[in-house]
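Residue numbers (the numbering used here), protein chains in the order written: chain A, 1350 to 1418; chain B, 289 to 750.
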């Protein structure tokens, strides 16, 4: 029984390693992808997004407050 | 994942590292073996089988977005404007959806990572958590509207609200029970194809085909430019591309195990899904166009009310099909939207997230999925629920989420460090940046229209 299980495990392992790309393995996905180094235009875009979010959140809070009253 | 043709060192498995194989890996490997076998053969039938094996995320995302509120938006379009400008316009919105969703296929196949995970890793925890929380909130509110559609649709048949909600939850849970992505995908696809029920309903109304052909060729008659028209334009755009779609298709592409070799089929899948969804959307407009001809005010119609209004024109059977179509739209969207929340949660928290997970290994994933759906369903059963307020909040949150999601998608798909040679070519960037600009502007305008409707009243209309 134990030998059969070992053979099954070995078969599964061979199947996985021959069918999936290494990046697809659950084990590989535990590694984080390195953070992107942002340059001028990209930083500007993200700051624009932050300003947009602050504005929109204020609008949402105002909307909730208005509806509540 | 690659840098050009070189794999990123952080993501490769060192030769001396013990490779741990999980249940999820084995299930995915079985799916990939079938794909490889089909690809190895030549001829029509192996090609058709390969397509059958690889379609899924694109069709699901497009038909999933034909959800309860979207079908109501199309029904309202037909009832308010009849056959004309909006027929070709809806086709255009689906073309924009293809442009956006194709990017998620490439990202998923090239990186084997979900959208939320890539945002978290590449742009930091702030944007990662923001994307996940914003998506989860928007999805939760949208789920409420899906269950409202299900309740209203089944209400047409006299089904009590609690039973309608229970039926929807049982279907959602039944699809999950296999703990196998492939089975879940096929069950959900079968349910999603029922979206096409709007086509026979449209045929029952005996559409004026000459007017339909004229509308597609000339985009006429054009509606007058006023607040009402603008709101319908924005609602139809909002009915075609929403944040959960980006997250869902990329995560499903990864969970299905698609690789860079499958991108062509991923594109076909997306186009096929868009074609089916367009057919259903156009059919809904055509189905309710007779209400425009009869000058029937349908401003605040819900699913069951459209079915009731159509009953004198298409009979009880046709009206029943229309109501069932609304129910299907709500059920399929509730499945796909709750799944996208669970994927995003797993991706950001780095907990196991796959529909191939056995219950024991995927407790967090399945808990998020079922709790989101169950909580939204329970809220719908609360007596005196302010539905209008929920719909308003859905739109506002969607407006909040859409620009960041689109901007990150655009930046990620042009990130050569993770995409290698699969970054977008310049012509595709011109096209996609134009679409991103239009969708972002439309979302912001839609938000403003909800928050400050008086601004749009300056344009005329009500």
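Beta carbons are placed, not taken as given, at the ideal position from N, Cα and C, and that holds for glycine. Predicted model, so just to flag it, every value in this text is computed and none were measured.
Anticipated Cβ contact below 8 Å, residue i with residue j, distance rounded
{"i": "residue 434(B)", "j": "residue 622(B)", "result": "4 Å"}
{"i": "residue 453(B)", "j": "residue 668(B)", "result": "6 Å"}
{"i": "residue 699(B)", "j": "residue 728(B)", "result": "At roughly 14 Å, the Cβ-Cβ gap does not stay under 8 Å, so residue 699(B) and residue 728(B) are not in contact."}
{"i": "residue 1365(A)", "j": "residue 313(B)", "result": "5 Å"}
{"i": "residue 697(B)", "j": "residue 392(B)", "result": "7 Å"}
{"i": "residue 723(B)", "j": "residue 388(B)", "result": "6 Å"}
{"i": "residue 560(B)", "j": "residue 344(B)", "result": "At roughly 10 Å, the Cβ-Cβ gap does not stay under 8 Å, so residue 560(B) and residue 344(B) are not in contact."}
{"i": "residue 402(B)", "j": "residue 626(B)", "result": "Not really, about 15 Å apart at Cβ, beyond 8 Å."}
{"i": "residue 489(B)", "j": "residue 369(B)", "result": "No, residue 489(B) and residue 369(B) are not in contact; Cβ-Cβ is about 18 Å, not under 8 Å."}
{"i": "residue 618(B)", "j": "residue 478(B)", "result": "That pair is no contact at about 16 Å."}
{"i": "residue 410(B)", "j": "residue 1384(A)", "result": "6 Å"}
{"i": "residue 615(B)", "j": "residue 438(B)", "result": "5 Å"}
{"i": "residue 558(B)", "j": "residue 726(B)", "result": "About 19 Å; that fails the 8 Å criterion."}
{"i": "residue 630(B)", "j": "residue 657(B)", "result": "4 Å"}
Simplified DSSP state of residue i, which is helix, strand or coil
{"i": "residue 520(B)", "result": "helix"}
{"i": "residue 671(B)", "result": "coil"}
{"i": "residue 647(B)", "result": "coil"}
{"i": "residue 296(B)", "result": "Note that residue 296(B) has pLDDT 42, beneath the 50 cutoff, so the model's placement of it is unreliable and the number below is only indicative. Three-state DSSP puts residue 296(B) in coil, outside helix and strand."}
{"i": "residue 476(B)", "result": "helix"}
{"i": "residue 1386(A)", "result": "coil"}
{"i": "residue 593(B)", "result": "helix"}
{"i": "residue 1370(A)", "result": "coil"}
{"i": "residue 317(B)", "result": "helix"}
{"i": "residue 445(B)", "result": "coil"}
{"i": "residue 622(B)", "result": "helix"}
{"i": "residue 309(B)", "result": "coil"}
{"i": "residue 685(B)", "result": "helix"}
{"i": "residue 343(B)", "result": "coil"}
{"i": "residue 355(B)", "result": "coil"}
{"i": "residue 402(B)", "result": "coil"}
{"i": "residue 751(B)", "result": "Nothing can be reported for residue 751(B), as the shown portion of chain B is limited to 289 through 750."}
{"i": "residue 641(B)", "result": "coil"}
{"i": "residue 1379(A)", "result": "coil"}
Contact list for residue i against chain A, beta-carbon separation under 7 Å
{"i": "residue 308(B)", "result": "1376"}
{"i": "residue 412(B)", "result": "1384"}
{"i": "residue 320(B)", "result": "1368, 1369"}
{"i": "residue 706(B)", "result": "1382"}
Cα-Cα separation, residue i to residue j
{"i": "residue 504(B)", "j": "residue 480(B)", "result": "26 Å"}
{"i": "residue 682(B)", "j": "residue 426(B)", "result": "6 Å"}
{"i": "residue 290(B)", "j": "residue 397(B)", "result": "Any reading at residue 290(B) must be qualified, since the residue scores a pLDDT of 45, below 50, and its modelled position is unreliable; no value is offered."}
{"i": "residue 665(B)", "j": "residue 440(B)", "result": "13 Å"}
{"i": "residue 550(B)", "j": "residue 342(B)", "result": "8 Å"}
{"i": "residue 576(B)", "j": "residue 382(B)", "result": "20 Å"}
{"i": "residue 303(B)", "j": "residue 309(B)", "result": "Low local confidence applies: a pLDDT of 47 at residue 303(B) is under 50, so the model's placement there is unreliable, and no value is given."}
{"i": "residue 1358(A)", "j": "residue 399(B)", "result": "27 Å"}
{"i": "residue 730(B)", "j": "residue 645(B)", "result": "38 Å"}
{"i": "residue 1362(A)", "j": "residue 1403(A)", "result": "50 Å"}
{"i": "residue 701(B)", "j": "residue 544(B)", "result": "20 Å"}
{"i": "residue 694(B)", "j": "residue 601(B)", "result": "42 Å"}
{"i": "residue 472(B)", "j": "residue 497(B)", "result": "38 Å"}
{"i": "residue 476(B)", "j": "residue 483(B)", "result": "11 Å"}
{"i": "residue 1297(A)", "j": "residue 546(B)", "result": "The structure shown does not extend to residue 1297(A), since chain A is modelled only from 1350 through 1418, so no value can be given for it."}
{"i": "residue 574(B)", "j": "residue 1417(A)", "result": "39 Å"}
{"i": "residue 415(B)", "j": "residue 487(B)", "result": "42 Å"}
{"i": "residue 331(B)", "j": "residue 323(B)", "result": "15 Å"}
{"i": "residue 349(B)", "j": "residue 712(B)", "result": "22 Å"}
{"i": "residue 1380(A)", "j": "residue 1372(A)", "result": "10 Å"}
{"i": "residue 613(B)", "j": "residue 360(B)", "result": "11 Å"}
{"i": "residue 502(B)", "j": "residue 566(B)", "result": "18 Å"}
{"i": "residue 442(B)", "j": "residue 449(B)", "result": "8 Å"}
{"i": "residue 635(B)", "j": "residue 380(B)", "result": "32 Å"}
{"i": "residue 1396(A)", "j": "residue 493(B)", "result": "52 Å"}
{"i": "residue 710(B)", "j": "residue 703(B)", "result": "9 Å"}
{"i": "residue 581(B)", "j": "residue 1407(A)", "result": "43 Å"}
{"i": "residue 432(B)", "j": "residue 491(B)", "result": "31 Å"}
Chain-ordered neighbours of residue i on chain A, where CB pairs are closer than 8 Å
{"i": "residue 409(B)", "result": "1381, 1382, 1383, 1384"}
{"i": "residue 324(B)", "result": "1368"}
{"i": "residue 703(B)", "result": "1385"}
{"i": "residue 420(B)", "result": "Neighbours of residue 420(B) on chain A: none; closest Cβ ~14 Å, over 8 Å."}
{"i": "residue 551(B)", "result": "Here the premise fails: no neighbours, minimum Cβ distance about 14 Å."}
{"i": "residue 547(B)", "result": "1370, 1373"}
Neighbouring residues, chain B, relative to residue i (Cβ below 7 Å)
{"i": "residue 1365(A)", "result": "309, 313, 314, 317"}
Neighbouring residues, chain B, relative to residue i (Cβ below 8 Å)
{"i": "residue 1392(A)", "result": "Result: empty, since nearest Cβ-Cβ is about 11 Å, beyond 8 Å."}
Residue i: contacting residues in chain A (beta-carbon distance under 9 Å)
{"i": "residue 695(B)", "result": "1394, 1395, 1397, 1398"}
Worksheet item: Given 8 Å as the limit, is there contact between the region 375-390 of chain B and the region 566-585 of chain B, that is, 3 or more CB pairs closer than that?
Response: Touching, per the Cβ criterion.
Item to complete: Determine, using beta-carbon pairs with one atom in the region 519-532 of chain B and one in the region 602-609 of chain B, whether at least three such pairs fall under 8 Å.
Response: With contact defined as three or more Cβ pairs closer than 8 Å, the region 519-532 of chain B and the region 602-609 of chain B are not in contact.
Discussion item. When you compare the region 454-470 of chain B with the region 647-662 of chain B, are there three or more beta-carbon pairs, one atom per stretch, that lie closer than 8 Å?
Written reply: Yes, since at least three Cβ pairs between the region 454-470 of chain B and the region 647-662 of chain B fall closer than 8 Å, the two stretches touch.
Fill in: Segment contact, 8 Å Cβ cut-off, at least three pairs: the region 411-430 of chain B with the region 531-546 of chain B
Because the criterion of three Cβ pairs below 8 Å is met, the region 411-430 of chain B and the region 531-546 of chain B touch.
Practice prompt. Assess, as a yes-or-no matter, whether the region 637-645 of chain B is touched by the region 453-462 of chain B under the definition of 3 or more beta carbon pairs within less than 8 Å.
Written response: With the cut-off at 8 Å, the region 453-462 of chain B and the region 637-645 of chain B do not touch.
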